[in-house]
Amino acid sequence: MSPPVLEIDDLTMRFGGLTAIDRLSFKVERGAIHGLIGPNGAGKTTTFNVVSGFYKPTGGEVRLRGETISGLRMYEVARRGVVRTFQHSTLFAELTVLENVLIGTHMSFPPNIFAAMAGVDKANRRAARARAEEALDFFGLAGLADELAGDLPHGHQRALGMAVALAARPDVVLLDEPFTGMNPEETRRMMELMVKLRDTGVTILLVEHDMHAIMGLCDRITCMSFGRLLAEGNPQEIRHHPDVIEAYLGGARHVA
Amino acid sequence: MVELLAQTGLNALYAASYTALVAVGLVLIFGVMGVINFAHGELFMLGAYAIVAVYADWNLPYLVAVAVGMAFVGTVGLGMERAFFRPLRDNPLGGLVASIGFLMILQALVSMGFGVRMEHVPPVTQEVIVITERVRLPVFRLAVILAAVVLLAGLWAFLKKTRFGWALRASAQDPEAAALQGISINQTARIAMFIGAALAGVAGALTAPLISVNPHMGHSVIVTAFIVIIVGGIGSLEGAVIVAVAYAFVHTFVTTFFDGVIADIVGLLLLLIVLIVKPTGLFGSTDRA
Amino acid sequence: MAKFAALFGFGAILLALPHALSFSQQEILVFLTINVLLVASYRLLTLTGEWSLGHVVIMGVGAYASALLSKRLGIYVPVAMLLGAVTAAMIALALSFPLFRMKGFYFLIGSFAAGEIIRLLWKRFRDPFGGPKGLKKIDPMPDFDIGIYAFDFFEPVSYYYFALAVVGVSLWVMWRIERSPVGLTFHAVHWQDRLAEASGVNVRAYRTLAFVLASGFAGLSGALLAHYIGTINPNSFDVEQMVFVLTWTIVGGTATFYGPILGCVVLTVLNEIVLREAGFEQMRPLIYGLILILSVLFMPKGLESLVRGAFSGRNARKNKAGETKAME
């Protein structure tokens, strides 16, 4: 068995007196679709923010292929192959769809200001454009390349967010609630795309509330509650895990 | 030496008093409206010109001139609130840029009305209190310091003891919650702007007899005020007063024994360092930017 | 082909322009040309979303550096101008370390404070900066002959042609940068710095790059100014000048490359034709202040939006698509 691509090891994140993540550890296998679930406020998005470098953890570390990446800036984490999407439709709304994805190709085809002024970066620009169009094709957005991203319908915006991440050719992609606001048909199509993506060798870690999608999609699931690891296993095991049931139902009872 | 120290100390207190008035007004406006009034130095300048017009030119009593200056500049503040701060409430950067535009307008109007040359205001009183043979305290400076203390104490009482003051503090802390409580944002903005502007105006009026009055005098005032409010924690009235006093002492002593421009540079460097290390300032807690 | 012809025609107009003007109008034309570079460089700075209040002081850094290099060290004036631009860029690089720890209006106040410090240093140190009176008798451009035209820099027309060439090349370079992947990344940093950073963009480095480039061009405009007017002092680069730049930029609108340039040209022409002819020259600060407030209030997208509006409807979508093509 190959070593895990991503290891979260004893991770702790505190904000003042509040402990958002409490000594969390889990591993993500290469080429897996790994789900991160838990009731609201369990610390899933905070975990994403630490892994992607948006926050510096209070304790513990995150390792990518054995190398410590926690504490690096977000762009440095991205350059090592871990690219994330954001909740809601975080896009360059004022730029066109194609331009959005071109930003995604930034790492593969880094712009060079001197080459740009001298006009000798044509090959680079062409390659970036080809890569961007490929990513748009993958998500069925090719016909919308010249639309402004902010004008797209919601489902297309979510897909564009993923196309931007994918254009970077990441090893690991972190998807933050990718199905939010999608209708069942869009969700089904997006699930197919994720499987297709996994089959190209990309490791996917996703946070999601849609249990139906999570159970149908993930190879492995980590469940968090109050910042801690609650349970881990395949969908079948998680579905029947007493602590998970308690956490969700208990939470529901509490709310009710 | 003792005389020089005492004299410099008095000068520092005097500088602290008008600096505190200007800075507190600026902080009050920022706290309630969330905008930096770049034209605040020009409001100070208007207050000084009120003295030139009412006291020096029309020969009315000095205190009448101060009152006129205070009311007039406060009214100008109301006009600013209505004309651009209110429409730009959701755009604090736009409000700041608009106030820079207004600064130019005030400078130009005063230049056209009074000319760009320096105005000298005749002294209000030449009396001095003789402590010893060599330590003599000018009465006017003491009066300015006293007036500033009274005004700041009055403001403090207003903010802590009256319903309007309570509303101002509430909307400075959390404008949305204050609005939900039925506090009118327009109302508190008007009050804050009137008081803030009037304080700048009265500071200008009180200092006019001791400095040369000219249309560009607001520049160094606003630079000092920025240093004070940012080091003091933008949004903290107490911080503004404390830093105004501390800064006035440092600045006055450095100027007297060393060099005025170096004192300015030190102040601005201090401002930059605070912006880098702790943008909320020494006494500030909330960050509204 | 039509585009080439239009460009050629525009160039011919610019070359012929001074011969239709009076001597004093020619002088204004020189200032206008220099200001066009200044305001275009300011827009480059705003591309990443930060607005500085120190840009005119940075222009002054270029002016002081170029003047001193030619005056003290006897460096050939055109070379001194380039070195002045480089100095302004280097000072900006040094300032970027403290300033880019700030955002929004903290950045505005920070850039204002940094600019004031520089101006105070000019005032304080008589040697070499000349104190409050500044530098006088700055070396003029040495005359030269390129065969078809003999530059005699006593004449504003000659200096206009020289400035036109320098500004033209600078604008072309800025245009190339904006229409390149680098320019696209500037826009990305402006609109969504988090997403840009998640895509591997070093946001701080790009903000710094835009700031340093813009400062270099501002420094160049300052050098052009210094060797034309021959005397500069700390007050040549004060808040009033900054208000002019802000007004041109906001009136023109920052959405397009030509917006701020348009703002600068239109306001200067209005100022010269309307105010000067009517004898209201001293009212210039008043009118600029008023225009600044009105445009912040009522024209958030600036003059440029009016020009666009005139061609809207049929062309709007096409324009946007055309820009995309040029940008990738």
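Read top to bottom, the protein sequences are chains G, B and Y. With my numbering, letter number 167 in the first sequence gets 1394, and the count goes up by one each step, no holes. With my numbering, letter number 254 in the second sequence gets 845, and the count goes up by one each step, no holes. With my numbering, letter number 163 in the third sequence gets 166, and the count goes up by one each step, no holes. Positions of the beta carbon are idealized from the N, C-alpha and C atoms, including for glycine.
Query	Result
Within-8 Å CB hit, residue 776 (chain B) to chain Y	no
Backbone CA spacing between residue 847 (chain B) and residue 619 (chain B) [nearest angstrom]	31 Å
Cβ separation of residue 698 (chain B) and residue 633 (chain B), assumed to be a contact under 8 Å, to the nearest whole Å	6 Å
Any C-beta of chain B under 8 Å from that of residue 105 (chain Y)	yes
Residues in the segment 222 to 247 of chain Y having any Cβ partner in chain C nearer than 8 Å	Absent from the structure is chain C; the protein chains it does hold are G, B and Y.
Three or more C-beta pairs below 8 Å linking the segment 50 to 62 of chain Y and the segment 239 to 254 of chain Y	yes
Cross-strand partners of residue 1261 (chain G) (DSSP beta bridge)	G:1432 and G:1447
Three CB pairs or more closer than 8 Å across the segment 785 to 794 of chain B and the segment 664 to 674 of chain B	yes
Run of the beta strand (DSSP E) containing residue 712 (chain B), from where it starts to where it stops	It is not in any beta strand (DSSP E) - residue 712 (chain B) carries neither H nor E in the DSSP assignment.
Other residues of its chain near residue 180 (chain Y): CB distance less than 8 Å, five sequence neighbours each side excluded	47, 186 and 216
Nearest residue (CA-CA) to residue 1293 (chain G), options G:1230, G:1313, G:1283 and G:1335	G:1230
Contact between the segment 822 to 839 of chain B and the segment 598 to 618 of chain B (3+ Cβ pairs under 8 Å)	yes
Residue 1423 (chain G) - containing alpha helix (DSSP H), residue span	1411 to 1426
Entirely enclosed alpha helix (DSSP H) segments - the segment 162 to 214 of chain Y, minimum 4 residues	184 to 194 and 196 to 201
Terminal residues of the alpha helix (DSSP H) in which residue 610 (chain B) lies	593 to 624
DSSP three-state assignment for residue 720 (chain B), whether helix, strand or coil	strand
Residue 766 (chain B), enclosing alpha helix (DSSP H) - first and last residue	766 to 771
In DSSP terms, what residue 1452 (chain G) is bridged to	G:1455
Backbone CA spacing between residue 1482 (chain G) and residue 1475 (chain G) [nearest angstrom]	For residue 1482 (chain G), the predicted model reports a pLDDT of 37, less than 50, meaning its position is unreliable; a value from the coordinates is still stated below. Near 11 Å, if we compare the C-alpha coordinates of residue 1475 (chain G) and residue 1482 (chain G).
From G:1277, G:1444 and G:1356, residue whose alpha carbon lies closest to that of residue 1305 (chain G)	G:1277
Cβ neighbours of residue 804 (chain B) in the same chain (closer than 7 Å, five flanking residues each side left out)	639, 640, 643, 709, 710 and 712
Three-way DSSP call (helix, strand, coil) for residue 634 (chain B) in this model	helix
Exposure label - residue 771 (chain B); buried when at least 16 CB within 10 Å	exposed
Closest Cα partner of residue 219 (chain Y) within the set Y:49, Y:87 and Y:110	Y:87
Residue from Y:195, Y:196 and Y:164 with nearest C-alpha to residue 17 (chain Y)	Y:164
DSSP bridge partner residues for residue 1240 (chain G) (one or two, in chain order)	G:1248
Coarse secondary structure for residue 1470 (chain G), derived from DSSP in three states	helix
Option nearest residue 1269 (chain G) by Cα separation, candidates G:1250, G:1279, G:1316 and G:1259	G:1250
Through-space distance from residue 1240 (chain G) to residue 1299 (chain G), alpha-carbon basis	15 Å
Chain G contacts made by the segment 155 to 189 of chain Y, where a contact means CB separation under 7 Å	176, 179, 180, 183, 184, 185, 187 and 188
Residue 33 (chain Y) and residue 166 (chain Y) closer than 8 Å at C-beta	yes
Interface flag, residue 681 (chain B) vs chain Y, CB-CB below 8 Å	no
Residue-chain proximity (residue 877 (chain B), chain Y), Cβ-Cβ < 8 Å	Residue confidence for residue 877 (chain B) is low, a pLDDT of 47 falling below 50, so the modelled location carries little weight; the figure read from the coordinates is stated next. Not one chain Y Cβ lies under 8 Å of residue 877 (chain B).
Contact set between the segment 259 to 276 of chain Y and chain G, restricted to residues whose Cβ is under 7 Å from the partner	none
Residue 1401 (chain G) beta carbon less than 8 Å from that of residue 1328 (chain G)	no
Between the CA atoms of residue 1339 (chain G) and residue 256 (chain Y) - distance to the nearest angstrom	28 Å
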